[in-house]
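By this note's numbering, the letter at position 212 of the sequence shown is numbered 213, and the numbering carries on one by one without gaps. The beta carbon of each residue, even a glycine, is placed where N, CA and C say it ideally should be. Computed from a predicted model, the values in this text were never measured in an experiment.
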Amino acid sequence: MIYSMTAFARKQLKGDWGTAVWEIRSVNQRYLETYFRLPEQFRGLETKLKESFRKRLERGKVECSLRFEANSTSSTSLCMNKVLATQLIQNAEWVVKEMGTGQVNPVDILKWPGVMQAPEQDFDALNSELMAGFAETLNDFVDSRAAEGANLGVLIEQRLIAISEQASKVRAFMPEVHAWQKARILKKFEDAKVDLDSTRVEQELVLLAQKSDVAEELDRLDSHISEARNILKKGGAIGRRLDFMMQEFNREANTLGSKAINTDITAAAVECKVLIEQMREQVQNIE
């Protein structure tokens with residue numbers, strides 16, 4: 002299966018504790034990079050979240066966010082860390098005294114991380130529910146990457162077919178090209194009023210044939226097409242391998258263009274380069 006590095010998933014959770022929303026999005030990246038935006042009281046989940054991503058993903062810049070809104074009508078009582086609150090008040094009062102202005106805001110003290118906490122047992126249960134919701138969101142996210150990856154695979158296959166068709170056109174042109182080369186050489190000898198030496202003519206034709214022979218480039222293009230299809234069929238984290246194949250495709254298309262001696266072959270070479278660039282852009286999105 003092919004996976005895109007561009008995807009998005011969102012899931013809302015509701016419980017007696019309130020409402021939570023998980024969101025996961027990703028864009029192209031050479032390696033796997035994860036970023037988290039979590040409420041302070043859930044920072045402890047970050048290690049587990051990172052491990053979950055590492056098990057399921059290979060590449061991409063992934064952003065994961067959690068929005069949490071506690072239920073104000075919940076019967077769950079909060080505990081105050083009175084030691085921490087006392088220290089904060091004392092320090093805040095010292096700052097006010099030194100500045101000679103302002104006052105301590107009780108709400109700011111209560112908002113300080115760690116001052117108000119849910120009972121440990123309830124907090125563990127909440128974490129479990131949130132992680133279960135994250136697992137579902139991650140499944141949706143991976144499914145989204147797979148669906149987009151399948152679409153990318155179809156687009157790449159279409160380009161591979163088109164490149165193969167261009168290669169076949171060039172092969173069909175070659176007998177005509179060789180005949181035109183021979184007639185051109187004979188015409189040059191005739192215009193120069195030089196006695197035709199069969200050996201000399203043969204040598205000139207061999208040299209021209211070597212300069213314009215594109216059979217090797219066409220064979221390599223066919224080989225690259227076959228290898229690209231094998232990579233697509235294998236699936237998994239194939240983005241880097243396909244990116245390397247695009248470089249190989251470009252090399253053959255450039256050589257084909259440099260050897261082109263008529264407009265038909267030139268047009269085919271240009272079309273191949275356009276198709277390869279289109280594939281390269283799609284490959285950049287593949288994991």
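**Prompt:** Across which residues does DSSP place A21 in a beta bridge pair?
**Reply:** L14, F69
**Message:** Tell me which residue opens and which closes the alpha helix (DSSP H) that L1 is part of.
**Reply:** Residue 1 lies beyond the residue range present for the chain, which begins at 2 and ends at 288; the question has no answer from this structure.
**Request:** Would you tell me roughly how many angstroms separate the C-alpha atoms of E64 and E70, rounded to the nearest one?
**Result:** 20 angstroms
**Message:** For a test of the three-state rule: what should DSSP assign to V143, helix, strand or coil?
**Reply:** helix
**Message:** According to DSSP, is E118 part of a helix, a strand, or is it coil?
**Reply:** In the sequence under discussion, the amino acid at residue 118 is Gln, which differs from the Glu named in the question. Q118 falls in the strand class under three-state DSSP.
**Message:** Quick check on this structure: which residue in L257, L139, G134, V97 has the alpha carbon closest to the alpha carbon of A371?
**Reply:** Missing from the structure shown is residue 371; the chain here goes from 2 to 288 and no further.
**Request:** Could you spell out the range, first to last residue, of the alpha helix (DSSP H) harbouring E94?
**Result:** 83 to 100
**Request:** Take the Cβ of M100 as the centre, count every other Cβ of all protein chains shown within 10 Å, and call the residue buried at 16 or more, exposed below.
**Result:** exposed
**Message:** Could you check whether L67 and L33 sit closer than 8 angstroms to each other, using their CB atoms as the reference points?
**Reply:** no
**Prompt:** Where do the ends of the alpha helix (DSSP H) carrying T256 lie?
**Reply:** 240 to 260
**Asked** Leaving out the 5 sequence neighbours to the left and right, which residues in its chain are closer than 8 angstroms to P114 when beta-carbon positions are compared?
**Response** E41, Q42
**Which listed residue (Q118, L153, T138, D17) has its alpha carbon closest to that of N286** = L153
**Message:** Can you tell me whether E52 is helix, strand or coil according to DSSP?
**Reply:** helix
**Message:** Please list the terminal residues of the continuous alpha helix (DSSP H) segment that includes E228.
**Reply:** 216 to 235
**Message:** So, under 8 angstroms CB-CB, N72 and W18 are touching, yes? Tell me the CB distance rounded to an integer number of Å.
**Reply:** 6 angstroms
**Message:** Please state the DSSP three-state secondary structure of L33.
**Reply:** strand
**Message:** Buried or exposed for T138, going by 16 or more other Cβ atoms inside 10 Å?
**Reply:** buried
**Message:** Could you compute how far the alpha carbon of I90 sits from the alpha carbon of I110?
**Reply:** 7 angstroms
**Message:** Less than 8 angstroms between the C-beta atoms of F250 and I277, yes or no?
**Reply:** yes
**Asked** Count the other CB atoms within 10 Å of the CB of A8; is the residue buried (16 or more) or exposed (fewer)?
**Response** buried
**Asked** What are the boundary residues of the alpha helix (DSSP H) that P107 is part of?
**Response** 107 to 112
**Asked** Would you call the CB atoms of R26 and V143 closer than 8 angstroms?
**Response** no
**Message:** Just to confirm before moving on: does the CB-CB distance between R230 and L131 stay below 8 angstroms?
**Reply:** no
**Message:** I'd like to confirm the pairing. Which residues does DSSP put opposite E64 in its beta bridges?
**Reply:** R26, Y36
**Message:** V116 and A86 - do their beta-carbons sit closer together than 8 angstroms?
**Reply:** yes
**Request:** Verify whether the separation of the beta carbon atoms of M247 and V284 is less than 8 angstroms.
**Result:** yes
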